[in-house]
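Asker: Under my numbering, read the sequence shown as residues 99 to 244, first letter to last.
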Amino acid sequence: MASASQESDDVFISFRDPSDVRNQTGSYADAFAKHEQLLKGNTLKVQQWRACLREVANLSGWDCFVHRMESQLVDDIAEDILRKLSCQQHSRIDRQIETVEQLLQLKTKKLSHRPEPSDFEELTAAYNYINELNCKRLENIVQRFS
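Here is the structure:
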């Protein structure tokens, strides 16, 4: 969790019962008991895992009990991830387009003529092509995990 909060990564959380994770009951209690037996000499490691899971269980995420079917839950998670990735892709592309536009402005100043409509048509075509490639890549990821 420390690396995700330091680097501002997105964390996508889904537990069947977050209270089991938070309180470390049920299968989590069993798993920690096994780990404590296996790592007798390293109880600090198990304590760190416990603390991390408590922290994660307190974050908001998707509630499995709200969704009647797990397939709907998976669809909702995939849509949210795609929406966030799409926004990130657009912001990166927009920055690159700004750079290209600035370069075009420098070029036109050096040539001391006004840019032709074809200059902007080429830029728009390049933007659309990059956006289409990114969308296809995201669709392939979703299909692979569907």
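Glycine included, C-beta positions come from ideal geometry on N, C-alpha and C. For clarity, every value in this text was computed on a predicted model and none was experimentally measured.
Counting only the same chain and skipping the five closest in sequence on each side, list residues whose C-beta sits under 7 Å from that of A102.
Answerer: Confidence at A102 is low in this model, with a pLDDT of 49, below 50, so its placement is unreliable and the value that follows should be read with caution. Only residues of its own chain outside the window of five on either side were considered, and among them V109 have a CB closer than 7 Å to the CB of A102, listed in chain order.
Asker: Quick check: V144 and L151, are their CB atoms within less than 8 Å of each other?
Answerer: Result no, Cβ atoms of V144 and L151 do not sit closer than 8 Å.
Asker: So what does DSSP say about K143, is it helix, strand or coil?
Answerer: helix
Asker: Would you kindly report the start and end of the unbroken alpha helix (DSSP H) that includes K138?
Answerer: Here K138 belongs to no alpha helix (DSSP H), and DSSP marks it neither H nor E.
Asker: Give the straight-line distance between the Cα atoms of T123 and P116, rounded to the nearest whole angstrom.
Answerer: 10 Å
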